[in-house]
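Quick note: the sequence shown, position 37, residue 39 per the working numbering, numbers continuous.
This report concerns only the one structure given below.
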Amino acid sequence: MVSVKVWAYIKGYCKRNGLLTLSVIAVVSGCVLGFSLRSFNLSTQIYFSFPGELLMRMLKMLILPLITSRNMIPSNLIEATFQQYRTDLVPIVASSVVESQANYVYVMPDHNNPQLGHPVFLEITPAPEIKYKIVPGHSSGMNVLGIVIFSATMGLLLGKMGERGAPLVNVCQCVNECVMKIINAAMWYFPFGIVFLVAGKILDMHDPAHLGEKLGMYFITVLAGLFVHGLILLPLFYFIITRKNPFTYIRGLLQALVIALATSSSSATLPITMKCLLENCGVDRQIARFVLPVGATINMDGTALYEAVAAIFIAQVNEYELDFGQLVTISITATAASIGAAGIPQAGLVTMVIVLTSVGLPPADITLIVAIDWVLDRFRTMINVLGDALAAGIMCHLCKKDFERRESNANSERHSDLLRWPECPELCPVRGSSHGLCPSL
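In structure tokens, the structure reads:
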């Protein structure tokens with residue numbers, strides 16, 4: 003009897019968390035397989051990593067439709083996808099005539115005559131003066147940032163067009179729904195590809211222990227950033243705007259935060275978050291129903307923070323120095339790409355390819371962070387849910403006077419109706435229902 007209950011519990015857990023279970027098993031299997039094969043010195047390692055390469059190519063395939071799925075593709079967008087416009091510095095030699103000078107330098111002693119030395123001819127050529135000229139041009143690679151900015155601008159303009167833009171919005175919504183279904187299907191290939199990606203990356207490592215230390219520091223950095231954002235910055239914004247204790251408000255959200263930690267999906271946590279806001283936090287029902295679905299779709303601040311830190315970590319592992327402009331590009335692209343992320347577990351890995359491509363980093367190095375991504379995914383989902391809930395609380399505070407004014411106007415209208423038909427309760431829309439014609443009409 004006990005074994006039947008245990009088997010039923012295991013079966014139900016695997017059905018609810020099948021993707022998570024397979025991902026953890028895949029990471030562990032990849033690590034074991036990689037460390038086991040390191041001593042064999044495989045010569046056909048590229049064939050061994052081929053299933054993982056298929057996963058990376060699948061993620062790259064989803065970049066363009068994921069970004070533009072809510073907007074119409076213009077005629078020149080395909081060309082812009084394969085060309086990235088940037089400025090290059092071309093060196094120019096300023097001095098065209100190279101002058102040379104000859105000197106005799108005594109550097110070798112003469113044993114026969116110690117007072118003299120062997121003359122050595124030294125040709126001295128002055129270094130040419132080099133100046134840099136700014137030359138605009140194109141470089142190969144996906145112009146991710148340009149596509150993101152275009153898509154966001156197109157979405158804003160379509161929203162302002164109203165009914166005229168509704169057909170195009172419907173088309174883009176259908177495309178977006180199809181893309182999300184493709185992503186859901188691709189995520190089930192994720193565990194199989196991860197086994198070979200992780201194993202192949204371990205076979206490529208020269209010093210796994212040193213890389214493990216870097217990975218541990220990356221894990222601590224992401225957690226520290228998430229907690230600073232969730233426990234300091236977001237409550238501070240809530241306090242500045244509402245002048246209320248944010249931690250009293252957050253205490254009413256504990257159930258939703260625990261569910262977010264368990265499910266790793268902001269969309270799956272949405273009903274519990276709605277329940278906590280209505281019953282524990284006193285948020286108006288209209289505000290909660292409007293803010294939470296929108297926030298679960300576009301408010302992914304935890305995901306944006308995680309992707310920015312992950313991109314910087316991958317750049318440091320590859321000894322790739324990022325300048326200030328590239329850091330700004332990573333920040334903007336991570337913020338914009340997180341808006342298009344699906345509210346499903348580990349969807350941030352899909353948008354991570356967008357961030358890495360924007361600054362020319364190798365997307366294949368995502369395998370470095372896959373081993374701990376399933377843990378970080380749960381914490382960043384908590385921050386996403388917390389941000390949605392605090393935004394609903396702020397909106398409720400800002401709209402409180404409007405709701406009170408609307409309720410006061412509704413009460414005054416009811417009172418005027420009562421004064422208008424004092425002797426005719428049968429026809430009064432407030433006091434009763436009609437049973438006949440009113441003699442006063």
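Backbone N, C-alpha and C define an ideal beta-carbon position, used for all residues, glycine too.
- With respect to the 8 Å criterion, residue 303 and residue 231 are classified as neighbours on the basis of their beta carbons.
- A distance of 8 Å or more separates the beta carbons of residue 33 and residue 312.
- The three-state reading of DSSP puts residue 13 in helix, counting H, G and I together.
- In the three-state DSSP reduction, residue 31 falls in the helix class (H, G or I).
- Inclusion of residue 308 and residue 363 in the CB contact set at 8 Å is not warranted, their separation being larger than that value.
- The closest CA to that of residue 328, considering only 255, 184 and 358, is found on 358.
- In the three-state DSSP reduction, residue 235 falls in the helix class (H, G or I).
- Taking the C-beta atoms as reference points, residue 324 is found no nearer than 8 Å to residue 334.
- By the C-beta criterion, the region 254-270 is judged not to be in contact with the region 397-405, since fewer than 3 inter-stretch pairs fall below 8 Å.
- Of all C-beta pairs linking the region 228-245 to the region 269-283, fewer than three are shorter than 8 Å, placing the two stretches out of contact.
- The region 177-228 is shown to contain whole alpha helix (DSSP H) runs of 4 or more residues at 192-206, in chain order.
- The beta carbon of residue 239 sits closer than 8 Å to the beta carbons of 392 and 396 from its chain, once the five residues preceding and following it are set aside; these are given in chain order.
- For residue 234, the closest alpha carbon among the candidates 223, 338, 249 and 224 is that of 249.
- The Cβ-Cβ distance between residue 259 and residue 387 falls below 8 Å.
- Cβ-Cβ distances below 7 Å link residue 290 to 276, 279, 280 and 394 in the same chain, with the five nearest sequence neighbours on each side left out; the list follows chain order.
- Of all alpha-carbon atoms in 300, 12 and 218, the one lying nearest the alpha-carbon of residue 154 is that of 300.
- Taken through DSSP and simplified to helix, strand or coil, residue 299 comes out as helix.
- If you keep only unbroken alpha helix (DSSP H) runs of at least 4 residues inside the region 270-329, you get 272-281, 287-300 and 303-319.
- Residue 169 sits in a helix when the DSSP states are folded into three classes.
- Residue 283 sits buried, since 16 or more C-beta atoms from the chains shown fall within 10 Å of its C-beta.
- At the C-beta level, residue 370 and residue 193 stay beyond 8 Å of one another.
- Under the DSSP assignment, residue 381 falls in the alpha helix (DSSP H) whose first and last residues are 369-400.
- By the C-beta density criterion, residue 191 is exposed, having fewer than 16 other C-beta atoms within 10 angstroms.
- The alpha-carbon separation between residue 208 and residue 37 amounts to approximately 12 Å.
- Straight across, the Cα-Cα distance linking residue 376 with residue 177 is about 28 Å.
- Residue range 256-265 is occupied by the alpha helix (DSSP H) that includes residue 262.
- If you draw a straight line from the Cα of residue 218 to the Cα of residue 63, it is about 31 Å long.
- Put simply, the backbone Cα of residue 222 is about 17 Å away from that of residue 317.
- Boundaries of the alpha helix (DSSP H) harbouring residue 253: 248-253, taken from the DSSP string.
- Residue burial is scored here from C-beta neighbours: residue 382 has at least 16 other C-beta atoms within 10 angstroms and is therefore classed as buried.
- Only exposed fits residue 256, as fewer than 16 other CB atoms lie within 10 angstroms of its CB.
- Residue 365 sits away from residue 198, with the two beta carbons spaced by 8 Å or more.
- The beta carbon of residue 341 lies closer than 7 Å to those of 300 and 302 in the same chain, with the five residues before and after it left out.
- Relative to residue 367, the option among 226, 169, 59 and 160 whose CA is nearest is 59.
- Burial check for residue 163: the Cβ neighbour count within 10 Å stays below 16, so the residue is exposed.
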